[in-house]
Amino acid sequence: MSYSFSIFIGLFLLCICLLGVLALRLARQVRQQQRDMDRLDETLQRSREDAERQKDRLAERSDLDHAKDEFISTVSHELRTPLTSIRGALGLLSSGLLGKGDDRAQNLLRIASANTERLIRLINDILDLERMESGRAPVNLRRCSLYDLAREAVDTMNALADAAQIRLELNSYATHDLGYFDADPDRILQVLTNLLSNAIKFSPTNTTVSVEIDASTEALSLKVVDQGRGIPTDKLESIFDRFQQVESSDSSKKGGTGLGLAICRSIILQHGGLIWAQPNQGWPQQKQGNQGTTFCVQFPRARVAESTLHTMIAPAAERGEGLILVCDDDPGIRTVVSEQLRRYGYDVIEAGSGEEVIALAHEQAMRNAPAPAISAILLDHYLPGLSGWETLRQLKNSPATASIPVIVLSVSSPTERPLLVGEAQGWVQKPYNESLLMAELARVLKANTGPVKVSKHNLRASRLTA
Amino acid sequence: MRRILIIDDEEDIREVAALSLQTTAGWEIVTACNGADGLRAAADCKPVPDAILMDVMMPDMDGPTTFRMMQQNPDLAGIPVLLLTAKVQGVDQRRFAGLGVSGVLFKPFNPLTLAAQVSEKLGWEDCTEDAAPVAQGRST
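These protein sequence lines are chains A and B, in that order.
For the first sequence, the residue numbers in this note's numbering are 6 to 471.
For the second sequence, the residue numbers in this note's numbering are 9 to 148.
Listed below in structure tokens is the structure:
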């Protein structure tokens with residue numbers, strides 16, 4: 006009896022010991038978990054503060070933008086007011102409508118009047134360029150025919166061409182269906198008249214300036230070909246920079262502002278296109294070294310809006326799912342990309358700047374289920390303010406957003422890719438091809454082992470590796 | 009002969025614009041130096057002016073306010089008004105479009121074609137009866 010009692014006591018004590026050990030281990034685990042929770046809280050708190058700071062920075066930036074707009078608007082108005090009187094007085098005097106002075110006086114008036122016109126063009130161009138490069142010039146996309154726009158530009162410039170004894174020619178090799186694209190017609194017209202005006206200015210008399218339109222399934226392109234003096238190879242790129250001309254005397258001799266091509270480039274980039282200059286190739290009527298220049302403009306196929314084309318570009322990538330954050334400072338491009346993504350089954354949110362991307366990415370990461378976290382970010386590399394690369398770096402440095410795959414959309418040439426791709430998971434060159442973009446997105450999402458959900462586990466993992 | 013009222017606070021601009029319209033189109037010009045003065049001048053004209061060319065940024069009462077006050081006066085409400093402004097930004101242009109004026113012309117204007125621009129905006133066809141504006145380099 007006492008034997009079985011002592012066994013009972015023994016078992017009882019053993020149980021107590023086991024329970025004690027169990028309790029101790031449980032307590033330790035609870036403490037560990039508590040520590041984990043604290044750490045998570047800390048991370049969450051820090052991410053929240055990051056997001057708050059980004060929001061503040063965004064607000065500050067929009068205040069700054071507003072102040073800048075005000076300033077530019079005021080300067081513009083204040084410059085124009087005295088110029089109105091000067092232009093009016095000189096214009097009337099030099100026209101001879103009020104009677105003619107002697108020839109020398111008349112010549113001086115002509116000089117003053119011509120230079121007033123030049124100053125006005127310069128002010129207009131500077132403001133135009135400033136508005137565009139700061140991303141505040143809205144692009145109003147409409148479906149247009151490139152041929153019709155070119156026709157209008159040629160008609161507008163005919164008077165100038167006649168005066169310079171230059172023949173203007175317009176040829177289209179594009180079939181009707183392929184000639185349409187989504188663009189801001191006023192802006193494109195501005196580019197075309199500018200290219201034509203340059204070609205006319207720098208062509209010798211009795212030559213032809215021809216505009217050639219071509220369209221393939223890859224791109225819609227336009228060329229302005231002149232038989233002028235040509236552009237030295239080392240200046241083919243720099244002529245698109247501000248105040249860069251082939252000859253430094255060009256602006257005074259030809260009355261240009263030195264900003265025309267910079268404006269053209271801004272407009273074409275806003276449309277997701279490319280613009281470049283090259284010496285004429287295989288021009289049949291080459292004369293005495295006057296090889297001439299070809300200015301090429303190319304629009305991405307993604308903007309070719311004819312509905313038949315959408316069926317031609319069969320979706321190569323399977324239907325996708327997930328939330329994609331699209332960042333481009335050009336609202337037109339954002340809209341086009343977003344529409345394409347939605348057609349493929351993705352959900353889309355849009356951001357207009359790098360700062361906004363970071364704020365949105367943090368906000369989404371902080372939001373609890375069932376709202377989905379961001380599966381991938383499509384990031385333009387050419388952004389005002391926080392650049393694409395800076396944005397990418399900040400995303401990768403923050404634990405809350407480091408695991409979101411990023412695909413960079415860039416106009417830079419593929420040879421620069423290794424230098425520029427950095428920590429991005431994917432790369433698509435602009436002007437992009439819709440099916441290539443979708444394929445790249447699908448590849449990146451798959452490589453990232455399914456859609457990334459910033460769970461507590463992920464947070465801890467990225468914290469441990471950080 | 010058409011009669012035009014020019015309202016602008018800058019005396020030099022009033023003078024240049026008046027001379028431009030007189031010499032290129034032969035119109036009769038009345039001028040006023042601010043909104044209130046403009047309203048008085050418009051009401052005093054017998055008959056009322058055929059059109060009003062009005063600055064936007066003026067002290068005390070700006071162009072848009074003057075325009076709205078004109079609309080409340082049945083004698084003046086029918087006169088076509090063109091804004092002549094140095095405000096060329098897109099935001100400003102959208103604001104002007106909502107006012108209900110007959111058109112907007114921008115400063116600095118070309119003194120040789122200002123009358124033609126006014127006529128075009130107002131659908132007049134007889135602007136060049138007295139003096140033809142000098143055509144710019146168009147050779148046919």
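The C-beta atom is built at its ideal place from N, Cα and C for all residues, glycine as well.
Whole angstroms are fine: how far does the CA of residue j sit from the CA of residue i?
i: A/Asp-239; j: B/Ala-124; result: 46 Å
i: A/Asn-163; j: A/Ile-193; result: 18 Å
i: A/Leu-18; j: A/Arg-372; result: 50 Å
i: B/Gly-43; j: B/Asp-70; result: 6 Å
i: A/Asp-334; j: A/Lys-73; result: 18 Å
i: A/Phe-207; j: A/Gly-235; result: 9 Å
i: B/Gly-46; j: B/Pro-88; result: 14 Å
i: A/Tyr-387; j: B/Met-78; result: 49 Å
i: A/Leu-397; j: A/Ala-356; result: 14 Å
i: A/Ser-139; j: A/Arg-62; result: 17 Å
i: A/Leu-175; j: B/Thr-73; result: 49 Å
i: A/Leu-241; j: A/Arg-172; result: 24 Å
i: A/Gln-345; j: A/Leu-441; result: 12 Å
i: A/Tyr-185; j: A/Ile-218; result: 11 Å
i: A/Thr-198; j: A/Arg-270; result: 14 Å
i: A/Gly-263; j: A/Arg-247; result: 6 Å
i: A/Gln-232; j: A/Ala-429; result: 44 Å
i: A/Ile-280; j: B/Arg-76; result: 47 Å
i: B/Lys-54; j: A/Asp-153; result: 49 Å
i: A/Gly-390; j: A/Val-35; result: 47 Å
i: B/Gln-80; j: A/Val-413; result: 57 Å
i: A/Ile-273; j: A/Asp-108; result: 45 Å
i: A/Leu-134; j: A/Gln-275; result: 12 Å
Would you mind working out which of the options sits nearest residue i, comparing C-alpha positions?
i: A/Gln-296; options: A/Asn-285, A/Arg-306 and A/Gln-303; result: A/Asn-285
i: B/Asp-20; options: B/Thr-39, B/Asp-100 and B/Arg-10; result: B/Thr-39
i: B/Leu-122; options: B/Met-9, B/Trp-35 and B/Glu-18; result: B/Trp-35
i: A/Leu-103; options: B/Asp-17, B/Ile-14, B/Thr-32 and B/Ile-15; result: B/Thr-32
i: A/Pro-237; options: A/Ala-282, A/Ile-205 and A/Cys-269; result: A/Ala-282
i: A/Ala-155; options: A/Val-216, A/Arg-148 and A/Leu-446; result: A/Val-216
i: B/Cys-6; options: B/Met-65, B/Leu-27, B/Gln-101 and B/Pro-57; result: Past the edges of chain B, shown from 9 to 148, lies residue 6 of chain B, and the structure says nothing about it.
i: A/Thr-212; options: A/Glu-360, A/Thr-298 and A/Val-342; result: A/Thr-298
i: A/Ala-378; options: A/Ser-408, A/Ile-116, A/Leu-384 and A/Gln-399; result: A/Ser-408
i: A/Leu-266; options: A/Leu-201, A/Pro-87, A/Ser-90 and A/Lys-258; result: A/Leu-201
i: A/Asn-129; options: A/Ile-268, A/Cys-301 and A/Ala-452; result: A/Ile-268
i: A/Leu-450; options: A/Thr-161, A/Val-342, A/Ile-329 and A/Ile-338; result: A/Ile-329
i: A/Asp-360; options: A/Val-342, A/Glu-65, A/Ser-415 and A/Thr-222; result: In the sequence as displayed, the identity of residue 360 of chain A is Glu instead of Asp. Measuring from the Cα of A/Glu-360, the nearest candidate turns out to be A/Glu-65.
i: A/Gly-96; options: A/Ala-117, A/Ala-110, A/Ser-67 and A/Arg-33; result: A/Ala-117
i: A/Ala-119; options: A/Glu-326, A/Leu-88 and A/Trp-394; result: A/Leu-88
i: A/Ile-338; options: A/Glu-445, A/Val-144, A/Leu-27 and A/Glu-326; result: A/Val-144
i: A/Ala-452; options: A/Ala-381, A/Val-230, A/Ser-415 and A/Arg-92; result: A/Ala-381
i: A/Arg-136; options: A/His-71, A/Ala-179, A/Asp-167 and A/Ser-99; result: A/His-71
i: B/Gly-86; options: B/Phe-104, B/Leu-107, B/Val-56 and B/Gly-106; result: B/Val-56
For residue i, which residues does DSSP report across the bridge?
i: B/Met-62; result: B/Ile-15 and B/Leu-91
i: A/Pro-284; result: A/Thr-298
i: A/Asp-219; result: A/Ser-226
i: A/Arg-477; result: As shown, chain A starts at 6 and ends at 471. That puts residue 477 of chain A outside it, with no answer to give.
i: A/Pro-305; result: A/Ala-224
i: A/Arg-172; result: A/Thr-213
i: A/Ile-329; result: A/Val-353 and A/Ala-381
i: A/Gln-413; result: Checking the sequence shown, residue 413 of chain A turns out to be Val, not Gln. Beta-bridge pairing links A/Val-413 to A/Leu-384 and A/Trp-432.
Give the C-beta separation of residue i and residue j to the nearest angstrom, bearing in mind that I take them to be a contact with Cβ-Cβ under 8 Å.
i: A/Ala-364; j: A/Gln-39; result: In fact, because the Cβ distance is near 31 Å, the residues do not count as touching under 8 Å.
i: A/Ala-534; j: A/Thr-406; result: The question about residue 534 of chain A has no answer, for chain A in this structure spans 6 to 471.
i: B/Ala-51; j: B/Leu-13; result: Contact flag wrong, Cβ pair sits at about 11 Å.
i: B/Val-24; j: A/Ala-110; result: So it is not a contact: roughly 19 Å between Cβ atoms.
Give me, in chain order, the residues of the same chain whose beta-carbon lies closer than 6 Å to that of residue i; leave out the 5 immediate sequence neighbours on both sides.
i: A/Val-249; result: A quick correction: the sequence has Gln, not Val, at residue 249 of chain A. Here the set comprises Ser-243.
i: A/Pro-336; result: none
i: A/Gly-1; result: Here chain A comprises residues numbered 6 to 471, so residue 1 of chain A is not present and cannot be evaluated.
i: A/Leu-165; result: Ile-205
i: B/Lys-95; result: Val-64
i: A/Val-362; result: Cys-332, Ala-356 and Thr-396
i: B/Arg-22; result: Ile-14, Asp-16 and Thr-39
i: A/Asp-503; result: Nothing about residue 503 of chain A can be read from this structure; chain A reaches only from 6 to 471.
Identify, in the order they occur along the chain, each residue of the same chain with its Cβ nearer than 7 Å to the Cβ of residue i, setting aside the five sequence neighbours on each side.
i: A/Ala-224; result: Gln-303, Phe-304, Pro-305, Arg-306 and Pro-436
i: B/Ser-110; result: Pro-88, Val-89, Leu-90, Lys-129 and Leu-130
i: A/Ser-78; result: none
i: A/Pro-190; result: Arg-147, Cys-149 and Leu-154
i: A/Cys-20; result: none
Could you name the residues of the same chain whose beta carbon sits closer than 8 Å to that of residue i, not counting the 5 residues immediately before and after it, in chain order?
i: A/Arg-324; result: Tyr-349 and Gly-350
i: A/Arg-448; result: Gly-431
i: B/Leu-113; result: Leu-61, Leu-90, Leu-91, Leu-92, Thr-93, Leu-122, Gln-125, Val-126 and Lys-129
i: A/Ser-52; result: His-367, Ala-370, Met-371, Ser-403, Pro-404 and Ala-405
Can you pull the chain C neighbours of residue i, defined as C-beta to C-beta under 8 Å?
i: B/Phe-117; result: Note that chain C does not occur in the displayed structure, where the protein chains are A and B.
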